[in-house]
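Visitor: In our numbering, the protein residues as written are 24 to 322.
Glycine residues also receive a C-beta, built at the ideal position from the N, C-alpha and C atoms.
Just so it is clear, the structure is predicted and the values come from calculations on it, not from any experiment.
#1: Could you tell me which of 259, 252, 288 sits nearest to residue 18, measuring between CA atoms?
#2: Let me check understanding here. Comparing Cα to Cα, which of 141, 39, 31, 214 lies closest to residue 280?
#3: Tell me which same chain residues have a C-beta within less than 8 angstroms of the C-beta of residue 155, skipping the five on either side of it?
#4: Determine the closest residue to residue 100 out of 318, 152, 239, 183, with distance taken between C-alpha atoms.
#5: Quick check on the DSSP output: the alpha helix (DSSP H) that includes residue 267 runs from which residue to which?
#6: Buried or exposed: where does residue 164 fall if 16 or more other Cβ atoms within 10 Å of its Cβ makes it buried?
#7: Do you know offhand how far residue 324's Cα is from residue 121's?
#8: Check whether the segment 240-247 touches the segment 217-231, taking contact to mean three or more Cβ pairs, one atom from each stretch, closer than 8 angstroms.
#9: What is the rounded straight-line gap between the Cα of residue 216 and the Cα of residue 55?
#10: What whole-angstrom Cβ distance do residue 60 and residue 255 have, given they're in contact under 8 angstroms?
#11: Within its chain, find whatever has a CB closer than 7 angstroms to the CB of residue 81; leave out the 5 residues flanking it on each side and keep chain order.
#12: Can you round the beta-carbon distance between residue 309 and residue 265 to whole angstroms, since I take them to be within the 8 angstroms contact cut?
#13: Starting from residue 277, trace the alpha helix (DSSP H) in both directions and tell me its first and last residue.
#14: Quick check on DSSP: helix, strand or coil for residue 91?
#15: Shortest alpha-carbon distance to residue 176 belongs to which of 105, 144, 225, 126?
#16: Helix or strand or just coil, what does DSSP make of residue 46?
#17: Taking only the alpha-carbon atoms, compute the straight-line gap between residue 277 and residue 43 and give it to the nearest angstrom.
#18: Entirely within the segment 175-231 and at least 4 residues each: give me those alpha helix (DSSP H) ranges in chain order.
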């Protein structure tokens, strides 16, 4: 399990690096950074699929795509939902929305708890209800403070659940699903790169540092993705879910310390209840992992 934890924490750290790295690649736009992440991510996914010998599963899904138009549309929708989040992740640091997006990632696990309760009739523990109440207090404070809620926060918190629900409905492996997400986004990515006023050749000649910075960005993105997928395969689901809280914490500090996004004094009363909710969820998760390990159910 130690190797899986190392993969997960390393992937979270590298995703935080990507969050900051988007600003290093200026004057590339958020759309261009997104496009490069898709284009350079395809080889990494192909390598993982080859190593895990999953091409048969990819072929089976490809056959279903070609013979079932409704299935094709569902996969296309999955790619659109995933692409929206991938674009926002690299766009936000360039437009002073990094803190808003990090807040969305803090809220996401709590929204998923409610999704499980409403759509899948999953029971909520007392700790989870308390966590939801704390998060709701933070959200209500934000509405009271500015009479609105950041669209970037809402897009993460409420945009990811339909994506996860769709993946669950389609019942295909996470790796295969991710492969088709990237594959469907490849054509739009090429369009973004080739439709800029400044051509690719001009962009790289005007900014020679891109000759090494863009490939490095692709390498970091690929290693992070491979690490995340490896962790999901090696770790028990409970531990993997707990380690998912590492990334939003790192994203917050990248936005606050490195990107110099300010937090007004009153905003802390939005963050503190939400952080309290995350702490409650984490504490309950740790307790469950401990109980499972004692009962011999953790493998």
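Guide: On the basis of the data shown:
#1: Outside the shown range of the chain, which is 24 to 322, sits residue 18, and nothing can be said about it.
#2: 39
#3: 133, 136, 137, 147, 300
#4: 183
#5: Counting along the chain, residue 267 falls outside any alpha helix (DSSP H), and DSSP gives it neither H nor E.
#6: buried
#7: Absent from the model: residue 324. The displayed extent of the chain is 24 to 322, so no value can be given.
#8: no
#9: 6 angstroms
#10: Actually they do not touch by this definition, with Cβ atoms about 19 angstroms apart.
#11: 72, 199, 202
#12: 7 angstroms
#13: Segment: none, residue 277 is in no alpha helix (DSSP H) and carries neither H nor E.
#14: coil
#15: 126
#16: helix
#17: 7 angstroms
#18: 197-217, 223-229
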